[in-house]
Structures are given as structure tokens and as C-alpha cells.
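Visitor: Protein chains in written order, with the numbering used here: chain Y, 1 to 180; chain S, 1001 to 1147. Yeah, the Cβ is synthetic: ideal placement off N, Cα and C, and Gly gets one too. Fair warning: this is a prediction, and the values are worked out from it, not measured in the lab.
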Amino acid sequence: MLPFLKILVRNIIKGPATEAFPFGDTFTPKRLRGRAELNPERCLACGICSHVCAGGAIAMTESADGRGMEFRLWHNTCTFCGLCEHYCPANAITMTNDWHLSHEQSEKYTCCEVQFVEYPVCKRCGKRMLPHLHQRLAKGLVGAVNTAEIMQICPDCRRLTSAMQQIKSKTCFSTDRSNS
Amino acid sequence: MHKYLKQFVHKSPWLYRINAGSCNGCDVELATTALIPRYDVERLGCKYCGSPRHADIVLISGPLTTRVKERVLRVYEEIPHPKVTVAVGICPISGGVFRDSYSIEGPMDRYIPIDVNVPGCPPRPQAIMEGILKACEIWKKQIMEVA
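1. What are the start and end residues of each continuous beta strand (DSSP E) run of 3 or more residues lying completely inside the region 1025-1063 of chain S, in chain order?
2. Spatial neighbours of V1072 (chain S) within its chain, please: C-beta separation below 7 Å, excluding the five flanking residues on both sides.
3. Report buried or exposed for Y1039 (chain S), applying the criterion of at least 16 other Cβ atoms within 10 angstroms of its Cβ.
4. Along the chain, where does the alpha helix (DSSP H) containing T18 (chain Y) start, and where does it finish?
5. Assign G1096 (chain S) to one of three DSSP states: helix, strand, or coil.
6. Below 8 Å on C-beta distance, what does H132 (chain Y) contact in chain S?
7. Compare the C-beta of L1044 (chain S) with all C-beta atoms of chain Y and state if any pair is closer than 8 Å.
8. Looking only at DSSP bridge pairs, what is E70 (chain Y) linked to?
9. If you check the beta carbons only, do A1127 (chain S) and V1116 (chain S) fall under 8 Å apart?
10. Since I1138 (chain S) is in the alpha helix (DSSP H), which residue starts that stretch and which ends it?
11. For a contact defined as C-beta to C-beta under 8 Å, what are the partners of L101 (chain Y) on chain S?
12. Spatial neighbours of F80 (chain Y) within its chain, please: C-beta separation below 6 Å, excluding the five flanking residues on both sides.
13. Can you look up I93 (chain Y) in the DSSP assignment and give me helix, strand or coil?
14. Just to make sure I have the definition right: I need the residues of chain Y whose C-beta is within less than 9 Å of the C-beta of P1037 (chain S). Which are they?
15. Is T1066 (chain S) buried or exposed, if buried means 16 or more other CB atoms sit within 10 Å of its CB?
16. Look up G140 (chain Y) in the DSSP assignment and say whether it is helix, strand or coil.
Encoded structure:
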């Protein structure tokens, strides 16, 4: 009998379904894919993000003086697909749940995520080199090589160090043999 | 009469929606913003209208394909001045994933002056609301200058 009464009472208890948004807060899920963000300290400048980017939103250009890599993500062609986040080997790119991206036309080309990934300096020769997984390697690699030290020098210096080590070990070996 | 109207007219801009070859994703979001009570766009005084001649704020979605270009421009010309254009989704702003395609006439602002951009693929209903809110402010200014 009169089924609408049930609905009426339920709706009165529930209150309005309209979100308060333009005048109040709204619900944003934690895992919503919104504006992408780069942590320049973790970035390896490998460029996989710009390779997989569906919208071609990411441009990575090396600075003229070779000091580092400029990372530029234009939000106006980002599809929020999250591929960059998925493929980033260093977890440097994250999709934040910030969706407040609407802007006026004058800001069209400045609506970017711009970060500068500075190349670390080799401790021995002072040359710039590509960034590396410093923290991870220091934790993961074990053995005779001091990883914490070897990761702070450029590949050329690293090669030299390992060659020197080999020479040393060979002389040891040959002397051992001559003695026997 | 003119002054009397001026007090009220800026309170209720009418929305008009143009699909310039969109994949329908943004149009679904636009319908969501307009039609369901959850994100009630009519609280802002906005109302969807069916004719471009009644429109004040134009919401354009889609990357402007070659086939619809002439029609979009014709419909756009029919909208009386002052009008505010909102580009909904990344397609009208930059071409999005269709950029540099053979059948895309490029970003919308080559042909139509855009006022507000709402990036997203598609944007959230709340983001569209935010864009419409910005467009309302611009429209208010324009109507004050004209009237």
C-alpha cells in the first residue's frame, strides 16, 4: 500500500544527494589519477615515460650546458592514463589525485609540470653523468666493490677503477705462481 | 528596461554543447554534470539549451575533425555575442591522443577563440563544474562591458 511513502521517508532521512562542490567540499578518491608529478631527486632521466606516454605529453630535453635534463609534462595533452607511473623504474613519477586543472586560455601553455633533473658530478674527475639508483644499489649490491663509493664516480672512472683492481689482482696471482 | 535586465541577466548563463568529433567520453561527463542531481549544474544558474541562438556559454568537446569543422564553425557563428567558450577535455585544447592525425584540423583555438580550458580525458564532472564556474565569471565581466 502506497509504496511511495517508503521512498519518501527514506529520502527525507537521507537528505539531498547533490554534492556541495562549487560551494563546498567534494569527495576525491585517494587513487584518482589526476595531475602527474615528478620527483626530480629520484628521476634517472631514462626517458621511458616520454616513450610510453599515450598523449605525447612528456618532453625531456638536455640543457645546453649539459648540467641536466629538463622534464616538461604538458597537462593539456595528458590523458591521466598512468602509463608513465607504471613504467617508471625509479617511481619518480606519481599521479596525484589533484584534479583542479581548469585554467584560462592565457595559461594554456604554462599549465605544465616542469622539473629539472640535475646530473650528479663524478667525485673523481668532475664530469657530469647520468643519475643512478644510488640508494637502491647501495642497499642491494654486495661484494668486494664499495658500491656507495663507486656509484659516485662516472662510468669512465669506474672502468678505470675496476681495471686497476684487476691489474693489482693479476700481479698478486703471477707472483704467487712464480713462487710455487 | 535595459538597466533592469542587466541586474538579472548575468545570473543565468545558458549552456550549449558542441561535439566537434569527440569520442563521446567528454559528452557523457557533460551530460552527467547537467542531468544527474548529484552535480547539479543548475545551482550555478546555468541551463542547457537546445538552440545555439539562446546560448551564452559554449562547451566544446572533440578535436575538430575535418568533417565537422565547417559545421562547428557555422553553429559557432550563430551564437550571439557575448559568448564564452569552454574547451572540455584535452582534445579541443591540444588534439590530445589524436594530435597530428590526418583527419584532425588541429587545436580548436586555431579557429575559435577559447576562454577556459578544462583538461582531462575525460575531465571529472567536478572539474567541468569548476571550468563552468570560471566561464560564468568571464561571462559576467563581458556582459557588464557590453550592456
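Guide: Looking at the atomic coordinates:
1. 1057-1061
2. I1018, A1020 and L1064
3. buried
4. Premise fails: T18 (chain Y) is in no alpha helix (DSSP H) and is neither H nor E.
5. helix
6. Under the 8 Å cutoff, chain S gives no residues; its nearest Cβ is about 33 Å from H132 (chain Y).
7. yes
8. Y:T61 and Y:F116
9. no
10. P1125 to V1146
11. V1118, P1119, G1120, P1123 and A1127
12. R33
13. strand
14. P16, A17 and T18
15. exposed
16. With a pLDDT of 49 at G140 (chain Y), under the threshold of 50, the predicted position of this residue should be treated as unreliable, though the coordinate-derived value follows. If DSSP states are grouped into helix, strand and coil, G140 (chain Y) belongs with the helices.
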